[in-house]
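J.:
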Amino acid sequence: MAFIDAHREDLGIEPICRELAIAPSSYHEHAARLADPDKRPARARRDDEMRAQIKRVHEASFGLYGTRKVWHQLRREGVVIAKCTVERLMAAMGLAGVRRGKKAITTVSDPKAPCPLDKVNREFRVSRPNALWVVDFTYVHTWAGFVYVAFVIDAYARRIVGWKVSTSATASFVLDALEQAIHARRPGPDDGLIHHSDRGVQGGFNRSSQHPDQGGCDEGSQACFGSVYTQQVAFAWTSARLAAGERLPLLASGCLRKIERGRGDGCGRFGTRWRALVSGIRRYATNPFIAIGEAIDWALSDIPEREDIAIAVAKGTGINAIARDLGRSPSTISRELKRNAATRGGSFDYRASTAQWHADRAARRPKPSKLATNSALRDYVQDRLAGQVSNPDGVGFNGPDVVWKGRRAVHRQSRRWSSAWSPEQIAHRLRLDFPEDPTMRISHEAIYQSLYIQGRGALRRELSACLRSGRALRMPRERARNRGKSFLAEAIMISERPAEIEDRAVPGHWEGDLILGLGNSAIGTLVERTTRFTMLLHLPRMEGYRPGETVKNGPPLAGHGAEAVREAIAKSMTKLPDALRQSLTWDQGAEMAQHARLHIDTGLQIYFCDPQSPWQRGTNENTNGLLRQYFPKGTDLSGHSSAELDAVAHALNTRPRKTLGWN
1 MAFIDAHRED LGIEPICREL AIAPSSYHEH AARLADPDKR PARARRDDEM
51 RAQIKRVHEA SFGLYGTRKV WHQLRREGVV IAKCTVERLM AAMGLAGVRR
101 GKKAITTVSD PKAPCPLDKV NREFRVSRPN ALWVVDFTYV HTWAGFVYVA
151 FVIDAYARRI VGWKVSTSAT ASFVLDALEQ AIHARRPGPD DGLIHHSDRG
201 VQGGFNRSSQ HPDQGGCDEG SQACFGSVYT QQVAFAWTSA RLAAGERLPL
251 LASGCLRKIE RGRGDGCGRF GTRWRALVSG IRRYATNPFI AIGEAIDWAL
301 SDIPEREDIA IAVAKGTGIN AIARDLGRSP STISRELKRN AATRGGSFDY
351 RASTAQWHAD RAARRPKPSK LATNSALRDY VQDRLAGQVS NPDGVGFNGP
401 DVVWKGRRAV HRQSRRWSSA WSPEQIAHRL RLDFPEDPTM RISHEAIYQS
451 LYIQGRGALR RELSACLRSG RALRMPRERA RNRGKSFLAE AIMISERPAE
501 IEDRAVPGHW EGDLILGLGN SAIGTLVERT TRFTMLLHLP RMEGYRPGET
551 VKNGPPLAGH GAEAVREAIA KSMTKLPDAL RQSLTWDQGA EMAQHARLHI
601 DTGLQIYFCD PQSPWQRGTN ENTNGLLRQY FPKGTDLSGH SSAELDAVAH
651 ALNTRPRKTL GWN
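Position 425 of the sequence shown, counting from 1, maps to 425 under the working numbering, and the rest follow consecutively.
#1: Mapping DSSP to helix, strand and coil, what is glutamine 180?
#2: DSSP beta-bridge partners for isoleucine 523?
#3: Could you tell me which of Asp636, Thr574, Arg532 and Glu563 sits nearest to threonine 623, measuring between CA atoms?
#4: Given a threshold of 16 other Cβ atoms within 10 Å of its Cβ, counted over all protein chains shown, does arginine 46 qualify as buried or as exposed?
#5: Which of the three DSSP states, helix, strand or coil, is assigned to phenylalanine 173?
#6: Measure the CB-CB distance between valine 144 and tryptophan 163 and report whether it falls below 9 angstroms.
#7: What's the C-alpha gap between threonine 238 and valine 381?
#8: With a 10 Å radius around its C-beta and 16 neighbouring C-beta atoms as the bar for buried, classify glycine 634 as buried or exposed.
#9: Given this structure, state the Cα-to-Cα distance separating lysine 39 from histidine 28, to the nearest angstrom.
#10: Write down the C-beta distance between alanine 568 and alanine 590 rounded to the nearest angstrom, noting that I regard them as a contact closer than 8 angstroms.
#11: Could you check the C-alpha separation between threonine 602 and leucine 580 for me, to the nearest Å?
#12: For lysine 315, which three-state DSSP category applies?
#13: Is the region 86-96 touching the region 119-127, taking contact as three or more C-beta pairs under 8 angstroms?
#14: Whole angstroms are fine: how far does the CA of glutamate 543 sit from the CA of threonine 317?
#15: Helix or strand or just coil, what does DSSP make of glutamine 588?
#16: Taking alanine 499 as the reference, which of Lys575, Gly524, Ser583 and Ala491 has the closest Cα?
#17: Excluding the five sequence neighbours on either side, which residues of its own chain have a C-beta within less than 7 angstroms of the C-beta of asparagine 374, listed in chain order?
#18: When you compare only the Cα positions, how much space is there between histidine 411 and leucine 467?
#19: Nearest to arginine 75 by CA position, among Met50, Ile606 and Asn130, is which residue?
#20: Name the two residues that bound the continuous alpha helix (DSSP H) containing alanine 155.
#21: Have a look at arginine 529 and arginine 497 and give me their C-alpha separation to the nearest angstrom.
#22: Suppose the cutoff is 8 angstroms on Cβ atoms and the five residues either side in sequence are ignored; what does the same chain contact list for valine 126 look like?
#23: At the level of alpha carbons, what is the spacing between alanine 6 and alanine 42?
#24: Which of the three DSSP states is assigned to aspartate 349 in this structure?
#25: Quick check: the Cα distance between asparagine 520 and arginine 159, rounded to an integer number of angstroms?
#26: For the alpha helix (DSSP H) holding phenylalanine 3, just list the boundary residues, first then last.
#27: Relative to the C-alpha of methionine 90, which residue among Ala564, Val79, Val80 and Trp71 is closest?
#28: Compute the Euclidean distance between the alpha carbons of isoleucine 54 and glutamine 73, then round it to the nearest angstrom.
#29: Which of the three DSSP states, helix, strand or coil, is assigned to serine 495?
#30: Going by other Cβ atoms of all chains shown within 10 Å of its Cβ, with 16 needed for buried, is alanine 352 buried or exposed?
#31: What would DSSP say about methionine 535, mapped onto helix, strand or coil?
#32: Look up aspartate 136 in the DSSP assignment and say whether it is helix, strand or coil.
#33: Leaving out five residues on either side along the sequence, give the residues of the same chain with a beta carbon under 8 angstroms from the beta carbon of glutamate 87.
#34: Since valine 149 contacts alanine 181 with CB under 8 angstroms, what's their CB separation in whole angstroms?
#35: Is it right to say arginine 628 is buried, meaning 16 or more other beta carbons lie within 10 angstroms of its own, or is it exposed?
#36: Comparing alpha-carbon positions, which option in His196, Lys575, Lys338 and Thr85 lies nearest glutamate 123?
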């Protein structure tokens, strides 16, 4: 109103109101109220009366009374007023009571520390990943005390790229979250990454002095400090999820082991649901928030924890006792002792430094995502996922106007129109559109991970709604987690198999596989394609085998290693005439690693099926199902002798078969 009064003579009231998007009548009504106080609304007139009453009570208490006591005093005097009205008017007048105890300070700044300029100015929209990281921490009051959680968020995709949970708010605790983000994203020195935070404890460290050659996140040149208000704007969605009473420290298994030891029932289920809600990842997938070396349920966190294990092992402490002391699963401790022990001396000696070296060496590909570093590739993928739908003439159609409401609010009836190419279509089309550009290559799995896993999220998470399934949570194949080892060394694929083998006209062509039982036991099966004649391979345990014990880099003592399988096949096949042993079709299991030598020993031409394609050996798969009548799943197959296997094969071969005309 003051602006209109100052310029009304030169510009006029209506042009100014038109530019300010307000009605001229609103201005005239406000001016009339100022000229005649009786025209003011009843609420405004009553507020003037209540202000005088509130000020009188507050001054009578020598400024000690706060909202609650002022309200009670007015009620005792017969003044009818709501408590919320007292709060509103006292805030407008700048009145407040005296608080008992120490004042709660949520931001502890260091006035002596240098303060870089605010390079963001509340503009949190960026055009690429690794351009702006917003950092802050919050605290939650739980039954075990205050717990602090630090987050590093990429402003481009609104993804959490680093986080840390701690029982104390120190600079190192926030620095750990930043280290995790740098390890996961690996920003380059030329990315111009800005680290934006307020002047809290996270402002008390100087990254440029600690790590002058890492990360591309320089405190002196690229970091900036904003106000507490700007951090509240950026972290509004995070604070909503971190409401008090949600038992936040229990959501990440292993991060607060001391608290976990005394946790109540149901916390594990809450942690799983919270992680699935925020990240869209089911519990068996890799935790998207935690980078290599951080504490997760199935891996140990760092050197101190491994030192505790080494000391306990030296004292002769059992695995279950170690697991209880560390708040871990016994299987986690057992796996740690087997995988990361020092074996150079000929025995399993567990040392913390050696174990950490093994763990770092086995870490999975800590390199940055292609979509995070290649802007052209990222734009191509995003356009194919969420490009505009158009007719053959190039006229675009936006479809329904859908408001994004979060990952779990994606429904088929509310999805906007888009080109919606599948990640597999995008990955294969890149080779045709850019045949000479090797940088424009990406697998469909990498695209899925960028959409569903926050730590690798180089794509905006809204794009997951453009997938054909429209799922907020990914549902991978169950068997994809348990694929066996495979190889392709000098292998002849089934696509090169002659046509005479396909039509089953000529006998002498076989299909083979293994059926597995309890304790990694196995039996080999060979089936002739034309006659369905079956032979079973006896694969006994090797000398030195003990249940539950493994020898690192040693022979497969379970009995179905490459050498044992080759010898068993050669022993059975050499009993047949040459005309009846012409070819063998097998899957890409590691047990056929010596297929070249098997070809020399028996003369068999060996063909291999495509990965995850059991239908290419349909005869053998059907026979394995018949054999399960004799060798059920979950039984120890190593207890059967060679004679017993021959008897079972004979019983199967003498059965009437429908495919053979019941002969």
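For glycine and all other residues, C-beta sits at the position ideal for the given N, C-alpha and C.
T.: Working from what's here:
#1: Here the question's residue 180 lines up with position 180 in the sequence shown. It is helical.
#2: Here the question's residue 523 lines up with position 523 in the sequence shown. Partner residues in the beta bridge of isoleucine 523, as assigned by DSSP, are Ile515.
#3: As a first step, residue 623 must be located in the sequence shown, where it is residue number 623. Selected option, being the one with the closest Cα: Arg532.
#4: Within the sequence shown, numbered from 1, the residue matching residue 46 stands at position 46. Arginine 46 should be labelled exposed.
#5: Start at 1 with the first residue of the sequence shown, and residue 173 comes out as number 173. Look at phenylalanine 173 here: in three-state DSSP terms it is helix.
#6: As a working note, residue 144 is residue 144 in the sequence shown. As a working note, residue 163 is residue 163 in the sequence shown. As written in the sequence, residue 144 is alanine, which differs from the valine given in the question. Here alanine 144 is not near tryptophan 163, since their CB atoms are 9 angstroms or more apart.
#7: One-based indexing of the sequence shown puts residue 238 at position 238. One-based indexing of the sequence shown puts residue 381 at position 381. Per-residue confidence for threonine 238 stands at a pLDDT of 38, beneath the threshold of 50, marking its modelled position as unreliable; no derived number is given.
#8: Position 634 of the sequence shown, counted from the first residue, corresponds to residue 634. Glycine 634 is exposed by the Cβ-count criterion.
#9: Locating residue 39 in the sequence shown gives position 39, where the first residue counts as 1. Locating residue 28 in the sequence shown gives position 28, where the first residue counts as 1. Straight-line Cα distance between these residues: approximately 12 angstroms.
#10: Start at 1 with the first residue of the sequence shown, and residue 568 comes out as number 568. Start at 1 with the first residue of the sequence shown, and residue 590 comes out as number 590. Wrong, their Cβ atoms sit about 15 angstroms apart, outside the cutoff.
#11: Walking along the sequence shown from the start, residue 602 turns up at place 602. Walking along the sequence shown from the start, residue 580 turns up at place 580. The straight-line gap from Cα to Cα measures roughly 11 angstroms.
#12: In the sequence shown, the residue the question calls residue 315 occupies position 315. Coil at lysine 315, not helix or strand.
#13: A contact is defined here as three or more CB-CB pairs under 8 angstroms, and the region 86-96 fails this definition with respect to the region 119-127.
#14: Here residue 317 is taken as the residue at index 317 of the sequence shown, counted from 1. Here residue 543 is taken as the residue at index 543 of the sequence shown, counted from 1. About 30 angstroms.
#15: As a working mapping, residue 588 is identified with position 588 in the sequence shown. Glutamine 588: coil per DSSP, three-state reduction.
#16: Position 499 of the sequence shown holds residue 499. Looking only at Lys575, Gly524, Ser583 and Ala491, the smallest Cα-Cα distance to alanine 499 is reached by Ser583.
#17: Locating residue 374 in the sequence shown gives position 374, where the first residue counts as 1. Hits under 7 angstroms: Thr439.
#18: As a first step, residue 411 must be located in the sequence shown, where it is residue number 411. As a first step, residue 467 must be located in the sequence shown, where it is residue number 467. Because the pLDDT at histidine 411 is just 43, under 50, the model does not fix this residue reliably, and the point stays unresolved.
#19: Against the sequence shown, residue 75 aligns to sequence position 75. The shortest C-alpha to C-alpha distance from arginine 75 to any of Met50, Ile606 and Asn130 is the one to Met50.
#20: Counting from 1 along the sequence shown, the entry for residue 155 is found at position 155. Annotation: alanine 155 is outside any alpha helix (DSSP H) and is labelled neither H nor E by DSSP.
#21: For the purposes of this step, residue 529 is taken as residue 529 along the sequence shown, with counting starting at 1. For the purposes of this step, residue 497 is taken as residue 497 along the sequence shown, with counting starting at 1. Whole-angstrom Cα-Cα distance: 14 angstroms.
#22: Within the sequence shown, residue 126 is the residue found at index 126, counting from 1. A distance below 8 angstroms between beta-carbons, with the five flanking residues on each side excluded, links valine 126 to the following residues of its chain, in chain order: Leu132, Ala155 and Tyr156.
#23: Residue numbering aside, residue 6 sits at position 6 when the sequence shown is read from its first letter. Residue numbering aside, residue 42 sits at position 42 when the sequence shown is read from its first letter. Each residue's Cα considered, the two are about 29 angstroms apart.
#24: For the purposes of this step, residue 349 is taken as residue 349 along the sequence shown, with counting starting at 1. DSSP places aspartate 349 within a strand segment (E or B) once states are collapsed to three.
#25: Residue 520 sits at position 520 when you count from the first residue of the sequence shown. Residue 159 sits at position 159 when you count from the first residue of the sequence shown. Roughly 42 angstroms separates the two Cα atoms.
#26: Within the sequence shown, numbered from 1, the residue matching residue 3 stands at position 3. Here the alpha helix (DSSP H) through phenylalanine 3 covers 2-11.
#27: Taking the sequence shown and counting its residues from 1, the one referred to as residue 90 is at position 90. Considering only alpha carbons, the answer is Trp71.
#28: Residue mapping note: residue 54 aligns to position 54 of the sequence shown, counting from 1. Residue mapping note: residue 73 aligns to position 73 of the sequence shown, counting from 1. Rounded to the nearest angstrom, the two C-alpha atoms are 9 angstroms apart.
#29: What you label residue 495 is simply residue 495 of the sequence shown in a count that begins at 1. If DSSP states are grouped into helix, strand and coil, serine 495 belongs with the helices.
#30: Translated into positions along the sequence shown, residue 352 becomes position 352. With 16 or more other Cβ atoms within 10 Å, it is buried.
#31: By one-based count along the sequence shown, residue 535 stands at place 535. Methionine 535 falls in the strand class under three-state DSSP.
#32: For the purposes of this step, residue 136 is identified with residue 136 of the sequence shown, where counting begins at 1. In this structure, aspartate 136 counts as strand in the three-state DSSP scheme.
#33: Within the sequence shown, residue 87 is the residue found at index 87, counting from 1. Residues of the same chain with a CB within less than 8 angstroms of the CB of glutamate 87, apart from the 5 flanking positions on each side, are Thr67 in chain order.
#34: In the sequence shown, residue 149 corresponds to position 149, counting from 1. In the sequence shown, residue 181 corresponds to position 181, counting from 1. Between alanine 181 and valine 149 the Cβ distance is about 14 angstroms, and since that is not below 8 angstroms, they are no contact.
#35: Stepping through the sequence shown from its first residue, residue 628 is reached at position 628. It counts as exposed.
#36: Within the sequence shown, the letter at position 123 stands for residue 123. Among His196, Lys575, Lys338 and Thr85, the Cα nearest to that of glutamate 123 belongs to His196.
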